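One structure is given below, encoded as structure tokens.
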Amino acid sequence: MEWTPGGTSSDIEDRRGDSGGGGGFNLGGGGGFGIVGFIIVVVIGLISGRGFLGSILGGLGAGMGSGGANVQPAQERQARNADGTVQESSSEHRDVQLVSFVLDDAQKTWTAILPEQAGRNYRHAKLVLFRDATRSGCGNAQSSTGPFYCPQDERVYIDLGFWDELRKLGGNTGDFAQAYVITHELGHHVQNILGIEQRAQSAMRDPSQRSKTSVELELQADCYAGIWAHSTQQRNILQSGDIDQALQNAAAVGDDHIQKMQRGSVSPESFTHGTSAERQGWFKRGFTTGEVKQCDTFTAGADGYGR
Numbered sequence: 001m002e003w004t005p006g007g008t009s010s011d012i013e014d015r016r017g018d019s020g021g022g023g024g025f026n027l028g029g030g031g032g033f034g035i036v037g038f039i040i041v042v043v044i045g046l047i048s049g050r051g052f053l054g055s056i057l058g059g060l061g062a063g064m065g066s067g068g069a070n071v072q073p074a075q076e077r078q079a080r081n082a083d084g085t086v087q088e089s090s091s092e093h094r095d096v097q098l099v100s101f102v103l104d105d106a107q108k109t110w111t112a113i114l115p116e117q118a119g120r121n122y123r124h125a126k127l128v129l130f131r132d133a134t135r136s137g138c139g140n141a142q143s144s145t146g147p148f149y150c151p152q153d154e155r156v157y158i159d160l161g162f163w164d165e166l167r168k169l170g171g172n173t174g175d176f177a178q179a180y181v182i183t184h185e186l187g188h189h190v191q192n193i194l195g196i197e198q199r200a201q202s203a204m205r206d207p208s209q210r211s212k213t214s215v216e217l218e219l220q221a222d223c224y225a226g227i228w229a230h231s232t233q234q235r236n237i238l239q240s241g242d243i244d245q246a247l248q249n250a251a252a253v254g255d256d257h258i259q260k261m262q263r264g265s266v267s268p269e270s271f272t273h274g275t276s277a278e279r280q281g282w283f284k285r286g287f288t289t290g291e292v293k294q295c296d297t298f299t300a301g302a303d304g305y306g307r
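UniProt numbering applies: residue 1 is where the sequence shown begins, and numbers increase by one.
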């Protein structure tokens with residue numbers, strides 16, 4: 001993806017220098033979630049917010065393995081310099097620049113697309129950068145839950161250390177691979193604007209519909225990420241190999257892939273995000289068509305495309 005590092009987006013809220021962000025989850029021994037953390041993750045992932053990984057991990061009742069919940073207190077990181085600026089490595093600085101570019105580019109794209117294709121005006125979301133833990137309108141957030149979108153405060157939350165965890169799942173951390181994660185979360189913001197999020201939350205009050213509806217929401221967000229990817233192709237900033245990066249990440253965060261890694265078996269009834277093939281398929285559908293109307297996972301059903 002062709003892009004030039006620049007300033008930090010005005011839509012970014014940088015909390016990386018906060019000391020713990022007002023509290024985080026309790027962690028159990030051995031790197032897994034304690035019961036309090038498990039409950040909060042489920043709440044964030046399935047009721048209050050839309051997470052890239054959070055509800056998958058909550059469904060498993062564990063973190064990313066022995067290394068997945070390696071939380072270092074923010075105060076030990078000495079997160080701020082003497083002048084108050086956030087400490088960051090050169091690689092993290094570049095990550096912030098990339099997040100800023102993708103955030104601004106995607107929101108500019110949706111500002112143009114949404115009125116034309118859906119008859120709704122787009123309003124900007126904010127993106128919160130944090131370390132370890134912070135508070136959101138959906139409750140406490142921790143880095144080990146992965147990136148998520150909170151519809152209550154219309155913010156995307158991400159700890160940049162997530163890229164290391166994604167690599168452990170077999171994901172890609174290239175520029176476009178990271179862009180896929182960010183635009184997936186912005187896809188949830190589009191759902192919120194269109195009223196889809198609210199209807200889905202109502203449907204999920206029925207336990208028998210919770211897994212199905214959650215999967216449909218996640219796959220639609222993947223399709224919306226594909227729409228943004230379609231726009232990059234139209235504007236000639238897409239480069240060879242970019243789509244493969246996104247598809248690698250879509251496969252890495254499929255329910256079936258993660259469950260096989262975590263416990264060696266697959267339980268479709270506990271899926272919250274869709275299989276690797278479904279996530280890839282819906283992303284490709286958005287990328288191929290560039291049309292919002294082609295991303296109706298609720299009518300098609302999660303099995304209607306991508307297997």
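Positions of the beta carbon are idealized from the N, C-alpha and C atoms, including for glycine.
Owing to the predicted nature of the structure, the values given are computational and were not obtained by experimental measurement.
Top-ranked residue by Cα proximity to residue i, from the options
i	options	result
residue 233	187, 253 and 288	288
residue 185	12, 89, 224 and 238	224
residue 130	118, 117 and 144	144
residue 286	208, 157, 219 and 159	219
residue 89	203, 16, 290 and 240	16
residue 18	132, 241, 164 and 208	132
residue 231	149, 126 and 180	180
residue 156	127, 134, 164 and 146	127
residue 299	265, 200 and 228	200
residue 246	266, 283 and 262	283
residue 192	7, 121, 96 and 2	121
residue 142	125, 154, 124 and 161	161
residue 8	2, 99 and 87	99
residue 151	238, 168, 164 and 197	197
residue 188	163, 237, 124 and 171	124
residue 226	92, 290 and 87	290
residue 114	11, 190 and 5	190
residue 249	222, 259 and 134	222
residue 116	292, 204 and 172	292
residue 96	158, 119, 169 and 134	158
residue 1	260, 295, 168 and 236	236
residue 167	203, 14 and 258	258
residue 105	119, 5 and 294	5
residue 228	205, 183 and 206	183
residue 102	206, 3 and 296	3
residue 294	13, 92, 93 and 118	118
Three-state class that DSSP yields for residue i in the structure shown
i	result
residue 142	strand
residue 14	strand
residue 61	Low confidence applies here, because residue 61 scores a pLDDT of 28, under 50, leaving its location unreliable and the question unanswered by this model.
residue 298	helix
residue 170	coil
residue 289	helix
residue 266	coil
residue 283	helix
residue 7	coil
residue 261	helix
residue 2	coil
residue 271	coil
residue 88	coil
residue 153	coil
residue 187	helix
residue 24	The pLDDT assigned to residue 24 is 29, lower than 50, so where the model puts this residue is not dependable, and the model offers no usable value.
residue 196	helix
residue 67	Model confidence at residue 67 stands at a pLDDT of 30, short of 50, so the residue's coordinates are unreliable; what they give is reported in the following sentence. Correct three-state label for residue 67: coil.
residue 38	Annotation note: pLDDT 34 at residue 38 (below 50); position unreliable, coordinate value reported separately. Looking at residue 38 - three-state DSSP - the assignment turns out to be helix.
Residues sharing a beta bridge with residue i, DSSP
i	result
residue 158	129
Closer than 7 angstroms: residue i CB and nearest the ligand ATP heavy atom
i	result
residue 182	In terms of ligand content, the structure shown is empty, and the ligand ATP therefore cannot be addressed.
Test: residue i CB closer than 8 angstroms to a CB of chain B
i	result
residue 88	Of the protein chains in the structure, only one exists, and it is not chain B.
Evaluate contact between the region 99-109 and the region 133-147, counting only Cβ atoms and requiring at least three cross-stretch pairs below 8 angstroms. no
Within the region 99-149, note down every full beta strand (DSSP E) run reaching 3 residues or more, in order along the chain. 126-129, 133-136 and 139-142
What alpha helix (DSSP H) runs, 4 residues minimum, are completely inside the region 203-258? 207-234 and 242-252
Any contact of the region 238-258 with the region 266-280, i.e. 3+ C-beta pairs under 8 angstroms? yes
Cβ contact check for the region 210-218 and the region 258-271: 3 or more pairs under 8 angstroms: yes
For the pair the region 162-178 and the region 239-253, tell me if three or more CB-CB distances fall below 8 angstroms. yes
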